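K.L.:
The structure is given below, and queries will be raised subsequently.
Number of protein chains: 2
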Amino acid sequence: MFFALSDANRRAMLDRLSIGPASVSELAEPLGIALPSAVKHLAVLESGGFVASEKEGRVRTYRADPRALAAMETWVAQRKARLHAQFDRLDAYLAARASRKRP
Amino acid sequence: MFFALSDANRRAMLDRLSIGPASVSELAEPLGIALPSAVKHLAVLESGGFVASEKEGRVRTYRADPRALAAMETWVAQRKARLHAQFDRLDAYLAARASRKRP
Chain W
53 MFFALSDANR RAMLDRLSIG PASVSELAEP LGIALPSAVK HLAVLESGGF VASEKEGRVR
113 TYRADPRALA AMETWVAQRK ARLHAQFDRL DAYLAARASR KRP
Chain D
53 MFFALSDANR RAMLDRLSIG PASVSELAEP LGIALPSAVK HLAVLESGGF VASEKEGRVR
113 TYRADPRALA AMETWVAQRK ARLHAQFDRL DAYLAARASR KRP
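Those sequence lines, one after another, are chains W and D. Taking the working numbering, I'd label the letters of the first sequence as residues 53 to 155. Taking the working numbering, I'd label the letters of the second sequence as residues 53 to 155.
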């Protein structure tokens, strides 16, 4: 999932797809990359759950898939919650130490 | 930022640090990796804004830095909002087409 986002061209493709579906050539052209390279990037995004594709005749159309974003949201929220719990414990510890020091 | 998370050992280190601060050896040991390798992973996490470190005497202690998680949260939320806007436009288009088809 995170590997899929570790490349600037793949992130640019996702940004383009967040506006609406597009073909491989529509995704490759603004980035100035070759079609086979774009196809590889899209395969990585597809296996990461960020895009889905459909073939109609000879044209494959890619669209953004919201599931990977939802999974990322959960991942970040879990880590944030743990971090806040850690800070709360530190606050409690410091408060307890400060009150012990008072006469 | 996403490159930092693209490695399972780095994600495991982040999970460990979400519980509380730790030294390099405390982070390396449960993963069964060598100290120099752990130091490299931590440098990547630090440059991505996921961890911060402090040196006291000869011991460097690492702690989770909440800023990168906050940046990721923003990134995900922006893409989700755009995707929802895209779906809303599609809904509106389909509704308009359906109403035109009705006699």
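For every residue, glycine included, the Cβ atom is placed at its ideal position computed from N, Cα and C. Computed from a predicted structure; not experimentally measured.
Please name the residue in A122(D), S70(D) and A147(D) whose C-alpha comes closest to that of Y176(D).
P.N.:
Coverage of chain D is limited to positions 53 through 155, which leaves residue 176(D) absent and any answer about it impossible.
K.L.:
Going by beta-carbon coordinates alone, are F102(D) and A147(D) separated by less than 8 Å?
P.N.:
The sequence position of residue 102(D) within the second sequence is 50, counting from 1. The sequence position of residue 147(D) within the second sequence is 95, counting from 1. Cβ distance not < 8 Å, so F102(D) and A147(D) don't count as in contact.
K.L.:
With three or more beta-carbon pairs closer than 8 Å as the criterion, would you say the stretch 131-138 of chain W touches the stretch 85-97 of chain W?
P.N.:
Contact fails: fewer than three Cβ-Cβ distances are below 8 Å.
K.L.:
Report back the beta-carbon spacing between R112(W) and S75(W) to the nearest angstrom; my notes put them in contact at under 8 Å.
P.N.:
Mapped onto the first sequence, residue 112(W) falls at position 60. Mapped onto the first sequence, residue 75(W) falls at position 23. Indeed, because the Cβ distance is near 7 Å, the residues count as touching under 8 Å.
K.L.:
Does S70(D) come out as helix, strand or coil in the three-state DSSP assignment?
P.N.:
Along the second sequence, read from residue 1 onward, the residue named residue 70(D) stands at position 18. Coil at S70(D), not helix or strand.
K.L.:
Anyone know if the C-beta pair for L97(W) and R62(W) falls short of 8 Å?
P.N.:
What you label residue 97(W) is simply residue 45 of the first sequence in a count that begins at 1. What you label residue 62(W) is simply residue 10 of the first sequence in a count that begins at 1. Yes; because the gap between Cβ atoms is below 8 Å, this pair is in contact.
K.L.:
Would you call the CB atoms of L83(W) and R131(D) closer than 8 Å?
P.N.:
As a first step, residue 83(W) must be located in the first sequence, where it is residue number 31. As a first step, residue 131(D) must be located in the second sequence, where it is residue number 79. Going by C-beta atoms, L83(W) is not nearer than 8 Å to R131(D).
K.L.:
Tell me whether G109(D) is buried or exposed, calling it buried when 16 or more other Cβ atoms sit within 10 Å of its Cβ.
P.N.:
Walking along the second sequence from the start, residue 109(D) turns up at place 57. Result: exposed.
K.L.:
What is the rounded straight-line gap between the Cα of V139(D) and the Cα of D140(W)?
P.N.:
Counted from its first residue, the second sequence places residue 139(D) at position 87. Counted from its first residue, the first sequence places residue 140(W) at position 88. Checking the displayed sequence, the identity of residue 139(D) turns out to be Phe instead of Val. Taking the straight line from one Cα to the other gives about 39 Å.
K.L.:
Whole angstroms is fine: what's the gap from S36(W)'s alpha carbon to A104(D)'s?
P.N.:
With chain W covering 53 to 155 only, the question about residue 36(W) has no answer from this structure.
K.L.:
According to the neighbour-count rule (16 or more other Cβ atoms, all chains shown, within 10 Å of its Cβ), is G72(W) buried or exposed?
P.N.:
Mapped onto the first sequence, residue 72(W) falls at position 20. Looking at its Cβ environment, which holds fewer than 16 other Cβ atoms inside 10 Å, G72(W) is exposed.
K.L.:
Strictly below 9 Å CB to CB, what residues from chain W border R134(D)?
P.N.:
For this step, residue 134(D) is matched to residue 82 along the second sequence. In chain order: D67, S70, I71 and A116.
K.L.:
Helix, strand or coil for R141(D)? Go by DSSP, reduced to three states.
P.N.:
The residue given as residue 141(D) occupies position 89 in the second sequence. Helix, per DSSP.
K.L.:
Does DSSP put A196(W) in a helix, a strand or coil?
P.N.:
Summary: the structure shown does not reach residue 196(W), with chain W confined to residues 53 through 155, and so no result is reported for it.
K.L.:
Taking M124(W) and V128(D) to be in contact with their CB atoms under 8 Å, please state how far apart those CB atoms are, rounded to whole angstroms.
P.N.:
As a working note, residue 124(W) is residue 72 in the first sequence. As a working note, residue 128(D) is residue 76 in the second sequence. The Cβ separation is near 5 Å, so the contact holds.
K.L.:
From the DSSP output, in three-state form, read off S9(D) for me.
P.N.:
Missing from the structure shown is residue 9(D); chain D here goes from 53 to 155 and no further.
K.L.:
Given a threshold of 16 other Cβ atoms within 10 Å of its Cβ, counted over all protein chains shown, does L142(D) qualify as buried or as exposed?
P.N.:
Position 90 of the second sequence holds residue 142(D). L142(D) should be labelled exposed.
K.L.:
Using the Cβ count rule (16 or more neighbours within 10 Å means buried), how would you classify L87(D)?
P.N.:
On the second sequence, residue 87(D) is found 35 positions in, with the first residue counted as 1. Exposed is the call here.
K.L.:
Which residues in chain D sit within 7 Å of L57(W), going by Cβ to Cβ distance?
P.N.:
As a position in the first sequence, residue 57(W) is number 5, starting the count at 1. Simply F54.
K.L.:
Exposed or buried, what is A116(D) when buried is set at 16 or more other beta-carbons lying within 10 Å of its beta-carbon?
P.N.:
Translated into the one-based positions of the second sequence, residue 116(D) becomes position 64. Buried is the call here.
K.L.:
Per DSSP, what are the beta-bridge partners of A116(W) in this structure?
P.N.:
Against the first sequence, residue 116(W) aligns to sequence position 64. A116(W) is bridged to V103(W).
K.L.:
Distance, Cα to Cα, A80(W) vs E106(W)?
P.N.:
Locating residue 80(W) in the first sequence gives position 28, where the first residue counts as 1. Locating residue 106(W) in the first sequence gives position 54, where the first residue counts as 1. One C-alpha to the other measures close to 17 Å.
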